Amino acid sequence: MSKGGFVAFRGSAAVAERYLAGRPGQDASAPAAYLAADRPFQHGVVTDHGVQTSHIDREQFRSWAEHIDPETGETRGSFRQRVTRSVGKDGKLVEKVGGTPLYQETLISASKSLSLAAAADDRIAEALEGAMARAAVRMAEAYREHAVTRVGPRGKQEQVKFDQIEFTSVQHHTSRTGDPHAHRHVQFLTTGLVTLPDGTQAWRAPDGSVLYRLAERLHAAADLAIATDVELREAIAEAGYTWVPGEGGGGVKEFETLSDEFSQRRDQVAARRESLEAQWRAEHPGREPSARQVQQWDHVGWQATRPDKHELAAEAQFDQDARLAAVVPTNTSRAVHSVGHDDVDARQIAEDALTSLAQQHSAWSRADLMAALDRQLALRPVMGDASALQAAALQAAEVELVSFYDDGVTLEGARHYTSRAVLATDAAITRSLRRRAQAGGVDGEVEVDRGGFSLSDGQAAAARAVAGTHQLVVIEGAAGTGKTTMLSAANEAIQAEGRRLVAVSPTKRGALEMASEIGAEGSSVHGLLVRAGARFDDQGRWSLPDLWRHQPDHLRMDARTTLVVDEVGMLDMNTAQALHQYCDDTGVQLVLMGDRRQLAAVGRGGYLAKAVHRATTAHDLRDVRRFRTADGASDEEYASASLALREREDAEGFFELLTERGQVRVGEPDEVIDRVAETVALELQADQSSIAITATNATAARINRAVYDSLAADGVLDTRVTATGRDGDPIAVGARVATRQNDADLQVANRQVWTVKRVNRDGRVIVADAETGHHATLEADYVREHLQLAYAVTAHGAQGMTVDTAHTLVSDQMNAAGTYVGLTRGRSANVLHAVGLDEDDARAQFVAAMGREGSDHGLDAARADACDRLQSLAPTPVEQHRRPVIEEAPPVSEPATPAPFRSRLRDLEASTPAAQQRLAGLAAVEERWHGAMPQTPEQRRQFEQQFAAVGVDRRLLDAPGVADAMSQDVRSRLEARAAQTEAGTATQERGRALVARLEELRERQRTTDRYGALGTKGQIAEVQARLSVEKEHLEALKADRASGEYVDREPERQRRLAESLPTTQRTSDERQRRLTQAVQMMRESPAQETSEASQEVHQMEM
């Protein structure tokens, strides 16, 4: 799969040429033929007239890389480089090149099985190289389609498309280890030709904020081009092989097994080795690695993935050609596997693309959407020009899109599109949060004296809120503020009242750790929902049951349960919606704990931020108590500095504090890795807890292996019998390891840390939990796939940890949240490590990391970011021939105020008939006030009257300009009325669902009367009781609406539900099975009694 971002190459053109094409005369039979010395460079020029490609030699490539036209000698824009020379540690002269980057590079990669097929068959190899060359062209076309530059004075700039961009590419067939790996390096010149507003042309650099968001778009376009390439697909079929859809241009079925059996470790070696080189080159721009450095990369790559010496010896004797030749073609008909474009459902492609986007993002750009569509198309066996399918899928997707901007306005790089599904999820969570916040409640009483210390004022206030009757409590807290201590005090008070506290977390490890510390029951959020009957599909979508199953007694969910969700900032929005529905249906109190400044959800985020803004009972703990000085006293200085770092303030001041304490280490890459590993090993031998935190798994793996080797050499580990873990990690008695997959049968959690107690010769490993001492026996298969060393972790693995000393490696891949997490894990010391020349270099890297926010922060944040990007540019119309990205700008004479209701009217169109009846009134308000929101008292009065008369929807209250156009008193009354309408709508929905459930149970009861009582009567009684409460609640709401009163009746509804619901349990699984059989027998003569159900449905109408 083609992936990864852009890398700016700042070395010399000669270094670039040797890196990409090898040294002239290089032996092509050697493994280093990776550099393909005899391969010419593909050179392309993309304009409005299409793409012109040619091949250039080494000398021409060097000229092109220095921004000189390889044919005319013309210089493209300004190009400056600076060369500095110094003496290295070995006494040799070191030359470094900086200044203007030569180019931005990215990579096109074929799948493993496709690479193996190419290595086995020359016809496929030739066709694959041609397909990848054409993929580079498609990538360049996508680059020009979206890349922009900015022109105009600061504050009045506009985006302008490029008239011309240029690229080169070169094909490689193997990885650096000699393993078949077809990939193509693609370089884009860091300047392009544009037409300026005055009509002249100039070479300008692309807007970096847009460029770095285009990587996925370009890679998806390249993968689709390979997958649909006719020559490649025909070559595969002619060779007797079978092409199958997939990533990286698809795969070849016959070679899939070979990929799994042979290439897995080679892939690991290549990935490790190339990762090391990429990191080294990024950290040493302009420098060429020595032969010793290259050998060391190879050594580290093989050593880190080597199971044992015997396997390495066997690997050295392995005959790759023989293994490839042994693959038997199975496509005896030589048929090309494909489907016609008319047989592909463009709407399904659009739906799947939007689903995949919504799993990861609250909003996306047009380039993101195009990438998602290309990814979905590549999973279908289409062949040839897919542009018509792309256009049809795009048109289908656009129907579901909602833009934060007015119609006709688009902005490259701005993620200003979302979908109705995302909006619906966001709205559902907002409604649930609002209802819970408005329900009110009182604080409880807790014991502040904890025996040797007392809760801080902030901890005590938060604990009282958790122990009270609030339906929604939000607790934020900086690292080290004692959230667990606070929760323990609250749990004591809850248990004293005969209630229960259940702790859940996005990760099972986090839930178990917190539950153990506070003396409560714990579960992962996913585990809780699945046990209740919810299901989670492979696209990340939840499906909820009509009737929730009961939890085990120790995790019972009812009105006497306080559910605490820890690390809630890591909870994605789809899971949050499912959890809210479950909590609302079971009546539990909900407590959310986390920190928006720490790591966010892997998928679509923003849940905690939304909860904080909606909650009426919220606390932010800021009394940091984790950090200690050498004499054991509280380290107030570091605590205060950590709070500023949490707010992303004064990063340079924090760096200076670390420097003054001697807690900044700088060096060469290997020096840093060795130092961190050696320090961690020494600290562990001194009975101090220690952890290294990195940005990538690859760096963590290097440190893990180095620490293991050090401990083994010192005799700390018993290596007489070892097992092989994930990624080839050696597992020995005494080693610290982590399980990487939840397993209920084994009672282990993902990222749970253990100490190895025994290694059996059959590969089984006995481990003990580092905190509780709980033992588990891990089978050999689990060990091989899911057990790894745990001396170093990524920031996600470190969140929630507390150790004596933490070592954080800052890099270009580390963002602000990860850096903050890493530098707040250690009680006694938090050491920052950086690869660089000196402390100034380390400071720059640290400040840059604290300025990077990489996660999705929710719909509100996405909307604000999109608006900020729009406001930073002047929406000035531009000529069509330059393909403007801001089209149909409003006339100068019309105010630029966004339409308050336009997008919200679109939302209402698909809503209820009552909402549709309000459209005319809303349109009238829109026409009267758009672009000229009321300013005078009389205008405000008119606006309020018109706005209230149409039956206001809450979404309209949040429209731009509305809040300022009416008095607070009127707005409060309208909000109360909207809340009342929402409550009635929710009650209607619940009532209709209960009526449907009641009819189902009545049919079952008729069945059970014939085939024996199976416990259905208790279920009917329960549903009837719930339906009665909902009916009376709705009648009360109707009466309030008629009288003009606005009363919050939700607490009364919750109380009556708790009092009137039967306490009988659901029927057992066996009874349910028997009941299902009975219903199946009755299907031949189903009952037709529907009049009673019709009457009840009619009664539920508002």
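Numbering-wise, UniProt numbering puts 489 at position 489 of the sequence shown, and it's gapless, one number per residue.
Cβ coordinates follow ideal geometry from the N, Cα and C atoms, glycine included.
Quick caveat: nothing in here was measured; it's all calculated off a predicted structure.
Point to revise | Within 8 Å, strictly: CB atoms of R436 and Q471 | key: yes
Review point. How is the alpha helix (DSSP H) around V783 delimited, first residue to last?
Key: A780 to H786
**Study point:** Residue burial classification, T629 (beta-carbon count within 10 angstroms, cutoff 16)
**Key:** exposed
Review point. For the 8 Å Cβ check, are there 3 or more pairs between the region 440 to 454 and the region 417 to 427?
Key: no
**Study point:** Segment limits, beta strand (DSSP E) that includes V186
**Key:** P180 to L189
**Study point:** Cβ pair D584, M514 closer than 8 Å
**Key:** no
Check your understanding: In terms of DSSP beta bridges, what is residue 1161 paired with?
Key -> This structure does not reach residue 1161, given that the chain is present from 1 up to 1102, and the question cannot be answered.
Exercise for review: Report yes if the CB atom of R150 is closer than 8 Å to the CB atom of Q164, and no otherwise.
Suggested key: no
Point to revise | Proximal residues to D1048 (C-beta, below 8 Å), its chain only, five neighbours per side dropped | key: Q438, A439, G440 and A979
Practice item. Compute the distance between the beta-carbons of L809 and R736, then report whether it is under 8 Å. Key: Not in contact: L809 and R736 (Cβ atoms no closer than 8 Å).
Exercise for review: Confirm, please, whether the CB-CB distance from V327 to L114 is below 8 Å.
Suggested key: no
**Study point:** Q171 versus H185: straight-line alpha-carbon distance, rounded
**Key:** 7 Å
Exercise for review: Rounded to whole angstroms, what's the CA-CA distance from A396 to L1034? Just pull it up for me.
Suggested key: 39 Å
Point to revise | Per-residue DSSP class, three states only, for Q688 | key: coil
Check your understanding: Which of the three DSSP states, helix, strand or coil, is assigned to P730?
Key -> strand
Review point. Taking the alpha helix (DSSP H) that H580 falls in, what are its first and last residues?
Key: Residues M573 to T586.
Review point. Buried or exposed: N760, going by 16 or more other Cβ atoms within 10 Å of its Cβ?
Key: exposed
Exercise for review: Mark V399 as exposed unless 16 or more other C-beta atoms lie within 10 angstroms of its C-beta, in which case mark it buried.
Suggested key: exposed
Check your understanding: Do G477 and L859 have their C-beta atoms closer together than 8 Å?
Key -> no
Point to revise | Pick from H183, D122, F162 and A322 that is closest to I236, judged by C-alpha positions | key: D122
**Study point:** Candidates G725, A479, D343 and S488: closest to A462 by CA position
**Key:** S488
Practice item. Taking only the alpha-carbon atoms, compute the straight-line gap between A611 and H857 and give it to the nearest angstrom. Key: Those two C-alpha atoms are separated by around 12 Å.
Exercise for review: With a threshold of 16 other CB atoms inside 10 Å of the CB of Q871, please say whether the residue is buried or exposed.
Suggested key: exposed
Exercise for review: Confirm, please, whether the CB-CB distance from V568 to L528 is below 8 Å.
Suggested key: no
Practice item. May I have a chain-ordered list of the alpha helix (DSSP H) segments no shorter than 4 residues that lie completely inside the region 626 to 708? Key: 636 to 646, 651 to 660 and 669 to 685
**Study point:** For L193 and P153, the rounded distance between their alpha carbons
**Key:** Going from the Cα of P153 to the Cα of L193 covers about 19 Å.
Exercise for review: Excluding the 5 residues preceding and the 5 following V7 in the sequence, name in chain order all residues of the same chain whose CB lies nearer than 6 Å to its CB.
Suggested key: E105
Review point. Do the CB positions of S333 and V382 come within less than 8 Å of each other?
Key: no
Practice item. State yes or no: is the beta carbon of A798 nearer than 8 Å to at least one beta carbon in chain D? Key: The structure shown contains no chain D; it is built from a single protein chain.
Review point. What is the C-beta distance between T168 and W64, in whole angstroms, given that I count them as a contact (C-beta under 8 Å)?
Key: 6 Å
Check your understanding: Among the residues of its own chain, which have a CB less than 8 Å from the CB of L394, if the five just before and after it don't count?
Key -> A350, L369, M370 and L373
Review point. Pairing CB atoms from the region 736 to 747 with CB atoms from the region 799 to 818, are three or more of them under 8 Å?
Key: no
Point to revise | T418: CB within 7 Å of a non-hydrogen atom of the ligand HEM | key: The model on display carries no ligand, and the ligand HEM is accordingly not part of it.
Exercise for review: Using three-state DSSP, classify Q741 as helix, strand or coil.
Suggested key: coil
**Study point:** Nearest neighbour of A817, chosen from C867, V602 and R625 [CA to CA]
**Key:** V602
Review point. DSSP state of D343, grouped into three classes?
Key: helix
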